[in-house]
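Under our numbering, the first residue of the sequence shown carries the number 725, and numbering increases by one thereafter.
Glycine is no exception: its CB is placed at the ideal position from the N, C-alpha and C atoms.
For clarity, every value in this text was computed on a predicted model and none was experimentally measured.
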Amino acid sequence: MAMTFAILLLAEHKDVQDCVRTEVNAVMEKNGGKLTVTALQNLSYLERCLKETMRLYPSVLLITRTLVEDVMLKSYLVPAGVELYIDILSLHKNPEFWPNPEVFDPDRFLPELVQNRHPFVYIPFSAGSRNCIGQRFAMMELKTVIGTLVHNLYLEPIDHLKDCRCVADLLIRIGQPMRVKFIPI
């Protein structure tokens with residue numbers, strides 16, 4: 725779903741889409757018109773856009789962990805064996821960590837801002853030793869597809885995310901058709 729939400733967000737934010745296109749075109753020009761693995765690593769603005777997309781629209785709402793030992797949370801003892809549910813969406817939209825949390829702002833992921841942020845306030849792929857083993861592949865796939873799209877096409881919204889009804893089952897997904905116009909460059 726990250727790819728779908730990224731397309732919708734870029735269509736709605738033409739200024740961001742233009743910046744992504746400029747970056748992709750420059751990187752492709754340096755790499756003989758190709759998005760190689762090395763080239764993908766140089767798409768830092770696109771990566772920030774994708775991270776912000778996954779902050780706003782994580783693929784899963786909850787992750788669970790079973791405590792193997794007692795943990796003190798402030799003054800509350802949580803005993804070993806308790807199953808914890810971590811609400812990713814609420815964490816990603818908590819204004820204590822994310823000013824204006826409903827706003828799409830890829831610059832939240834500038835390196836200087838990330839280094840001052842607690843590492844577990846952004847967990848679209850879970851966190852710790854049991855995080856998603858496919859997260860690097862997923863990011864490469866997202867960069868490849870979105871980079872190729874914006875290199876070749878302008879994205880214009882037909883439907884808008886504000887009108888989107890999301891459904892949560894195994895994954896967060898869109899509950900109705902959402903259309904974007906693809907215009908060849």
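By the Cβ-count criterion, Pro835 is exposed, with fewer than 16 other Cβ atoms from all chains shown falling within 10 Å of its own Cβ. Here DSSP, grouped into helix, strand and coil, assigns Leu759 to coil. From the listed residues Met902, Ile731, Glu747, the smallest Cα separation to Tyr769 is found for Glu747. Sequence-distant Cβ neighbours of Arg841 in its own chain, meaning closer than 8 Å and more than five residues away, are Phe821. Taking C-beta atoms as the reference points, Ser783 and Met725 count as a pair closer than 7 Å.
Under the 10 Å beta carbon count, Gly871 is surrounded by 16 or more other beta carbons and is classified as buried.
Of the residues Lys905, Cys856, Val838, the one whose Cα lies closest to the Cα of Val874 is Lys905.
In the displayed model, Ser814 falls within a helix according to three-state DSSP. In this structure, Val751 places its C-beta atom within 7 Å of the C-beta atom of Ala763. Taking every protein chain shown into account, the CB of Phe861 has fewer than 16 other CB atoms within 10 angstroms, so this residue is exposed. Note that the C-beta distance between Ile882 and Arg897 is not below 7 Å. Going by DSSP, Ile870 is part of the alpha helix (DSSP H) stretching over 859-876.
For Arg779, DSSP assigns no beta-bridge partner whatsoever. Rounded to the nearest angstrom, the gap between the Cα atoms of Ser850 and Val740 is 27 Å.
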